[in-house]
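Report on the following structure.
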Amino acid sequence: MCHPADASVVGRSGERRFALEVAAGFWARFRGLMLRASPQETVGLLLWRCASVHTGFMRYALDVAYLDQTGRVLHCVSGLEPWRVSFGPRGTLHTLEFKAGDIESLGIGVGDQIAHVVFEARDAR
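First residue of the sequence shown? That's 42 in the working numbering, and the numbers climb one at a time after it.
The structure is reproduced here in structure tokens:
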């Protein structure tokens with residue numbers, strides 16, 4: 042898992058910035074935000090190549106945005122409670138997790154674009 046870096050969401054409401062961690066390996070994706078305290082600030086966790094999430098062992102509810110290969114938002118789930126499972130729609134390649142309420146506060150919606158160096162670097166291949 043890498044340290045948080047600047048990311049932004051670009052959509053109907055303009056551009057909003059937030060910190061983003063990337064979990065690319067199996068164990069980093071599996072652990073996700075499990076057993077962590079709820080972050081005080083807005084920090085997203087991008088689960089690279091992961092089209093579903095579970096909230097087993099979570100201490101708080103999550104907001105989830107399902108993304109396509111370019112970082113475009115396909116679907117959002119707000120307030121996913123502990124001990125639940127959620128699957129992204131067809132075309133989902135990545136999942137973005139936040140603490141509950143962050144998707145609304147950032148104004149993230151279907152069709153918005155998540156901009157981060159990880160999408161730029163991977164698109165260049």
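Positions of the beta carbon are idealized from the N, C-alpha and C atoms, including for glycine.
Which of helix, strand or coil DSSP assigns to residue i
i, result
"F160", "helix"
"D109", "coil"
"D153", "coil"
"S54", "coil"
"L121", "strand"
"A65", "coil"
Residue i versus residue j - alpha carbon distance
i, j, result
"D153", "V114", "5 Å"
"G150", "R53", "9 Å"
"W124", "R57", "30 Å"
"C117", "R90", "17 Å"
"E161", "A65", "15 Å"
Element boundaries [alpha helix (DSSP H), containing residue i]
i, result
"E145", "143 to 147"
Contact check, residue i vs residue j, beta carbons under 7 Å
i, j, result
"L137", "A92", "no"
"L167", "V63", "The question about residue 167 has no answer here: the residues shown for the chain are numbered 42 through 166."
is_contact[residue i, chain D] using C-beta, thresh 7 Å
i, result
"R53", "Included in the structure is just one protein chain, with no chain D present."
Unbroken beta strand (DSSP E) run spanning residue i, endpoints
i, result
"M98", "According to the sequence displayed, residue 98 carries Phe and not Met. No beta strand (DSSP E) contains F98, which DSSP labels as neither H nor E."
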